[in-house]
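Numbering (the numbering used here), first residue to last: 5 to 178.
The next block holds one structure in the form of structure tokens; read it before the comments.
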Amino acid sequence: MSELLLVAGVFTAIAFAAAYFVFASFVYGAGYQPTPRRVVESMLTKADVGPNDVVYDLGAGTGAIVFRAARERGATVVGVEVEPLRIAILRFRRRFGGPRERVTIRWGNLFDLDFRPATVVAVFLWPAAMDRLKPLLEAQLRPGSRVVSHWHPVPGWEPVAQDVGNRVYLYRRP
Ligand SMILES: C[S@@+](CC[C@H](N)C(=O)[O-])C[C@H]1O[C@@H](n2cnc3c(N)ncnc32)[C@H](O)[C@@H]1O
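The following block contains the structure:
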């Protein structure tokens, strides 16, 4: 009986931990769902990310976009994440996988961020967060900078390119 209780307790704890990991950040703008590899490829290709770019991943998760943009495209990347466990994973990956010199990890709320240095902004956030983000992007991004979004479009903006199958939307600031 006590073994049964122990097993039930362990399962409950695991279920709570998993639910926390995926859903807790919802209140800030999105739960956790890593961008699939083929979608990351499409986002980086559509945005034509290269070594001269400064990419901001707003809601960096565990780094699906951050490390590929830095490693495979040679970009300088800033990953912003609000959830502390994911920050620990991002910092671990940066430290042991690198490239350290081109990746900055920031723990904080993306809505408090100054993303004026960005040439490319990558997002995979929920619709309410996109509504909130839009005026900040309009106010801060420099002409010609790109915004690439997975799943949810930026409301009211006209994409300059799309990957319909992967739900990728590319925008260029006028
Ligand atoms: C759908 S996941 C995308 C993760 C990552 N961009 C990727 O491609 O794998 C959204 C991430 O945004 C983070 N997030 C949500 N609201 C945030 C906020 N206000 N500030 C910073 N990060 C936030 C969540 O914690 C979650 O890790």
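All residues carry an ideal CB built from backbone N, CA and C; glycine is no exception.
Top-ranked residue by Cα proximity to residue i, from the options
{"i": "leucine 94", "options": "Phe115, Ile69 and Tyr173", "result": "Ile69"}
{"i": "alanine 79", "options": "Glu87, Arg99 and Val53", "result": "Val53"}
{"i": "asparagine 56", "options": "Arg106, Phe96, Tyr36 and Asp135", "result": "Arg106"}
{"i": "valine 158", "options": "Pro121, Leu137 and Asp167", "result": "Leu137"}
{"i": "threonine 123", "options": "Leu48, Asn170, Trp130 and Gly169", "result": "Leu48"}
{"i": "alanine 64", "options": "Gly169, Leu141, Val172 and Ala92", "result": "Ala92"}
{"i": "arginine 77", "options": "Pro121, Pro38, Thr66 and Val58", "result": "Val58"}
{"i": "glutamine 37", "options": "Ala12, Arg120, Leu9 and Thr66", "result": "Thr66"}
Integer-rounded CB distance, given that residue j should sit under 8 Å from residue i
{"i": "arginine 75", "j": "proline 40", "result": "No, arginine 75 and proline 40 are not in contact; Cβ-Cβ is about 17 Å, not under 8 Å."}
{"i": "alanine 133", "j": "alanine 34", "result": "6 Å"}
{"i": "leucine 174", "j": "proline 163", "result": "6 Å"}
{"i": "valine 151", "j": "glycine 112", "result": "Wrong, their Cβ atoms sit about 20 Å apart, outside the cutoff."}
{"i": "serine 149", "j": "arginine 177", "result": "5 Å"}
{"i": "tryptophan 155", "j": "phenylalanine 128", "result": "6 Å"}
{"i": "aspartate 135", "j": "serine 46", "result": "So it is not a contact: roughly 24 Å between Cβ atoms."}
Other residues of its chain near residue i: CB distance less than 6 Å, five sequence neighbours each side excluded
{"i": "valine 82", "result": "Tyr60 and Thr108"}
7 Å CB neighbourhood of residue i in its chain, flanking five on each side removed
{"i": "tyrosine 32", "result": "Val86 and Asn113"}
{"i": "proline 147", "result": "Arg177 and Pro178"}
{"i": "valine 172", "result": "Val43, Ser46, Met47, Lys50, Val152, His154 and Gln166"}
Other residues of its chain near residue i: CB distance less than 8 Å, five sequence neighbours each side excluded
{"i": "leucine 117", "result": "Tyr60, Leu62, Val84 and Arg110"}
{"i": "tryptophan 130", "result": "Phe30, Gly33, Ala34, Gly35 and His156"}
4 or more residues per run - each alpha helix (DSSP H) lying fully within the region 27-101: Qualifying alpha helix (DSSP H) stretches, in chain order: 41-50, 70-77 and 88-100.
Beta strand (DSSP E) segments (min. 3 residues) lying fully within the region 99-168: Runs of the beta strand (DSSP E) inside the region 99-168: 107-111, 124-127, 150-154 and 165-167.
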